[in-house]
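**Q** Numbering (this note's numbering), first residue to last: 1477 to 2046. Using N, Cα and C, we set each Cβ at its ideal position, and we do this for glycine too. Shown below is the structure under consideration.
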RNA sequence: CGGGGUGUGGCGCAGUUUGGUAGCGCGCUGGGUUCGGGACUCAGAGGUCGAGAGUUCAAGUCUCUCCACCCCGACCA
């Protein structure tokens, strides 16, 4: 490819609204361009990267026996109505109608559609197990797209689906996908770690996210500093210190005029936050519940939602306070007429808690004595410094980008959709399934986020848009031009992917663009190098260059490329 | 959805406080000189100042409404 003819240009300055390094470099190098919030066009350079990422995914899916197919983007409402997701997904999906008024959704994902195909194609256990996958655009009307390609409203996802006879089969399929994901991310140069994650409100217990740890990530992950334990915040646990079982004198009222927050109490009573009980009155579905935590702990919304099996939790209103006998600002668990969930980190010792009476708190409140603490649950956030539940090490919180996830949902969809097969014993059984996703565009930008320097992108060889970047200096020198032309032609004949900077630009501009675009190998054909009857060869990631005799150059470069390809395929 | 911010040639920005008819750098076009790390020089092109309404002799600047984009949070198989 000749740069003088390439559609798409590099930018000296990044647009002001690009914030992360990867977002800026992606735009500056001409990988993709924004069309609207959360909608991006791949330019030719970026398109090649996308296709290489897809090819790696494809090879690893094929390796574990998954079969590629393709389902449409536009999906009829009827299938979504079978599982109830037509309504559930309403706020975050794009919808349309055809000229007869029939309703469609721009596919948010494809579980319903593949389950439908599964029930039509698979009649017998003899056809199982089977895995399929496709690369297809997903539409998600995200409330907040962000950071370029990291969170967008339309993106290509590789989604795979497994169908098994039973849970044991699902476990095997799941493990195969987990292995494929490890290889896939490794091959594209992403240091992804698999993290335990929550399965959401639809049952099943097995799910992992593949997270790339980077400060630009929007997810928070608890990571043990000494063992392999990693979990996202919805799932992260900790080992509690041995509970202090201290007795306490009878609870007594203390006056706390106008002191309504834990922070204010800390100052007013000069005690640490852990000396207080935090009581939250919440509305979950149709019910009101109280959650009691130590004053220095935050409630984890997702853990609580899962515990209560609801999709949304909001703070209770004034009427709710009145009904349960609580007073806003001075609420406490003592005497509260409502279901009380006590977090596992609340100890059996004296605390200061709200007295459910204006301007008053209670001292020496003992859980279990002064209020029932029979319903215990882990609903708190872990934090940096907590103790790892596996090896007792120290947990740290890190930021990550979720580049993929795998999810064993079992019979969730097949039961709702009546997707069954005839089992060996002659009975009808629902498929036992899992789904496995990778966001292609997100992976591309995450590679840039984690593989660049101050000058530009450093593409891993396996996903680089081209393998070799040939720079002619200067192009108006007839010898330079003809030599570079011939070298490029020879390399292309050998099947090497070459980006040829044949523009009549200064050396500074060309080298700066080469560093920015980040092709793994740069070959400079110049007046200076030709005096030595050589060309100059330099790796993007290395600082020094070497001279290669002109007559050996094509073979030498071809050889390097061949070896790099072999390494990238492993 | 809540909070905050920004909209001025392709990109980065100044000008808005105090209303007077739009400017700088880069990029772009043409000529000349250069040619190994974002060259120099001469001559050019390019803007309904996000949109609409209003105030005024006069609006990029003041008022109102709307829109778009970005950030933080919430949400997120």
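Output the boundary residues of the beta strand (DSSP E) element that contains residue 1816.
**A** Run containing residue 1816: 1815-1819, per the beta strand (DSSP E) assignment.
**Q** How would you label residue 1746, buried or exposed, when you count the other beta carbons within 10 angstroms and need 16 or more for buried?
**A** Answer is exposed; the Cβ neighbour count stays below 16.
**Q** Grab me the residues of residue 2014's own chain with a C-beta within less than 7 Å of its C-beta, minus the 5 sequence neighbours each way, in chain order.
**A** Closer than 7 Å at the Cβ level, and outside the excluded window around residue 2014, lie 1998 and 2021.
**Q** Under a Cβ-count criterion, where at least 16 other Cβ atoms within 10 Å of its own Cβ denotes burial, should residue 1494 be classed as buried or exposed?
**A** Under this definition residue 1494 is a buried residue.
**Q** Count the other CB atoms, across all protein chains shown, that sit within 10 Å of the CB of residue 2027; report buried if there are 16 or more and exposed otherwise.
**A** So residue 2027 ends up on the exposed side.
**Q** Could you tell me which residues DSSP pairs with residue 2002 in its beta bridges?
**A** DSSP lists 1949 as partners of residue 2002.
**Q** Among the candidates 2011, 1600 and 1586, whose CA atom is the shortest distance from the CA of residue 1637?
**A** Cα-wise, what sits closest to residue 1637 is 1586.
**Q** Is the beta carbon of residue 1810 less than 8 Å from the beta carbon of residue 1832?
**A** Yes, the Cβ-Cβ distance between residue 1810 and residue 1832 is below 8 Å.
**Q** In its own chain, which residues sit with a C-beta less than 8 Å from the C-beta of residue 1514, not counting the 5 before and 5 after it?
**A** Within the same chain, residue 1514 has close Cβ partners 1618, 1621, 1627, 1628, 1629 and 1630.
**Q** For residue 1631, which beta-bridge partners are listed by DSSP?
**A** DSSP output for residue 1631 lists 1614 as bridge partner(s).
**Q** According to DSSP, is residue 1884 helix, strand or coil?
**A** Strand, per DSSP.
**Q** My understanding is that residue 1803 touches residue 1834, with C-beta atoms under 8 Å, so please give their C-beta distance in whole angstroms.
**A** At roughly 6 Å, the Cβ-Cβ gap stays under 8 Å, so residue 1803 and residue 1834 are in contact.
**Q** Any idea if residue 2100 is buried or exposed, counting beta-carbon neighbours within 10 angstroms, 16 or more meaning buried?
**A** Residue 2100 lies beyond the stretch modelled for the chain, which goes from 1477 to 2046, so this question has no answer here.
**Q** Take every Cβ of the segment 1685-1695, pair it with every Cβ of the segment 1791-1798, and state whether three or more of those distances are shorter than 8 Å.
**A** No contact exists between the segment 1685-1695 and the segment 1791-1798.
**Q** Sort 1486, 1829, 1665 and 1874 by Cα distance to residue 1753 and report the nearest one.
**A** Among 1486, 1829, 1665 and 1874, the Cα nearest to that of residue 1753 is on 1829.
**Q** Classify residue 1489 as helix, strand or coil using the three-state DSSP reduction.
**A** Coil.
**Q** Let me know if residue 1819 comes out buried or exposed under the rule of 16 or more other beta-carbons within 10 Å of its beta-carbon.
**A** So residue 1819 counts as buried.
**Q** Decide if the segment 2004-2013 is in contact with the segment 1494-1512; the criterion is three or more beta carbon pairs, one per stretch, under 8 Å apart.
**A** Not touching, per the Cβ criterion.
**Q** Give me the Cβ distance between residue 1966 and residue 2030, rounded to the nearest whole Å; I'm assuming they're in contact under 8 Å.
**A** That belief holds up - the Cβ atoms of residue 1966 and residue 2030 are roughly 4 Å apart, short of 8 Å.
**Q** Report the CB separation of residue 1686 from residue 1650 in whole angstroms; it is logged as a contact under 8 Å.
**A** Rounded, the Cβ-Cβ distance is 13 Å, inconsistent with contact.
**Q** Considering only their Cβ atoms, is the gap separating residue 1842 from residue 1700 smaller than 8 Å?
**A** Cβ atoms of residue 1700 and residue 1842: not closer than 8 Å.
**Q** Buried or exposed for residue 1561, going by 16 or more other Cβ atoms inside 10 Å?
**A** Classification for residue 1561: buried.
**Q** Taking the runs of the beta strand (DSSP E) that are 3 residues or longer, which of them lie wholly in the segment 1887-1918?
**A** For the segment 1887-1918, whole beta strand (DSSP E) runs of length 3 or above, ordered along the chain, are 1896-1898, 1904-1906 and 1908-1915.
**Q** If contacts are defined as beta-carbon pairs under 8 Å, then residue 1552 and residue 1584 qualify, I think. What distance do you get, rounded to the angstrom?
**A** At roughly 14 Å, the Cβ-Cβ gap does not stay under 8 Å, so residue 1552 and residue 1584 are not in contact.
**Q** With a 10 Å radius around its C-beta and 16 neighbouring C-beta atoms as the bar for buried, classify residue 1763 as buried or exposed.
**A** Exposed, since its Cβ has fewer than 16 Cβ neighbours within 10 Å.
**Q** Considering only residues of the same chain and omitting the five flanking positions on each side of residue 1710, which have a CB-CB separation below 8 Å?
**A** Around residue 1710: 1673, 1674, 1776, 1778, 1779 and 1782.
**Q** So what does residue 2022 bridge to, in DSSP terms?
**A** Beta-bridge pairing links residue 2022 to 2013.
**Q** With DSSP run on the structure shown, which of helix, strand or coil describes residue 2032?
**A** Correct three-state label for residue 2032: helix.
**Q** Find the nearest neighbour of residue 1935 within the set 1994, 1814, 1705 and 1682, judged by alpha-carbon distance.
**A** Of the listed residues, the one whose Cα sits closest to residue 1935 is 1994.
**Q** Roughly how many angstroms separate the alpha carbons of residue 1925 and residue 1712, rounded to a whole number?
**A** Distance between the alpha carbons of residue 1925 and residue 1712: 26 Å.
**Q** Could you check whether residue 1688 and residue 1704 sit closer than 8 Å to each other, using their CB atoms as the reference points?
**A** Their beta carbons are not under 8 Å apart, which means residue 1704 does not touch residue 1688 by this criterion.
**Q** Going by DSSP, what residues sit across from residue 1730 in a beta bridge?
**A** Paired residues: 1837.
**Q** Cα-Cα, which of 1499, 1640 and 1536 is closest to residue 2126?
**A** Residue 2126 lies beyond the range of the chain shown here (1477 to 2046); nothing can be said about it.
**Q** Tell me which same chain residues have a C-beta within less than 6 Å of the C-beta of residue 1550, skipping the five on either side of it?
**A** 1580, listed in sequence order.
**Q** Can you give the beta carbon distance from residue 1883 to residue 1910, rounded, assuming they're within the 8 Å contact cut?
**A** Sure, about 6 Å apart at Cβ, within 8 Å.
**Q** So residue 1604 and residue 1640 are in contact, right, with Cβ under 8 Å, and what is the actual spacing, rounded?
**A** Yes, residue 1604 and residue 1640 are in contact; Cβ-Cβ is about 6 Å, under 8 Å.
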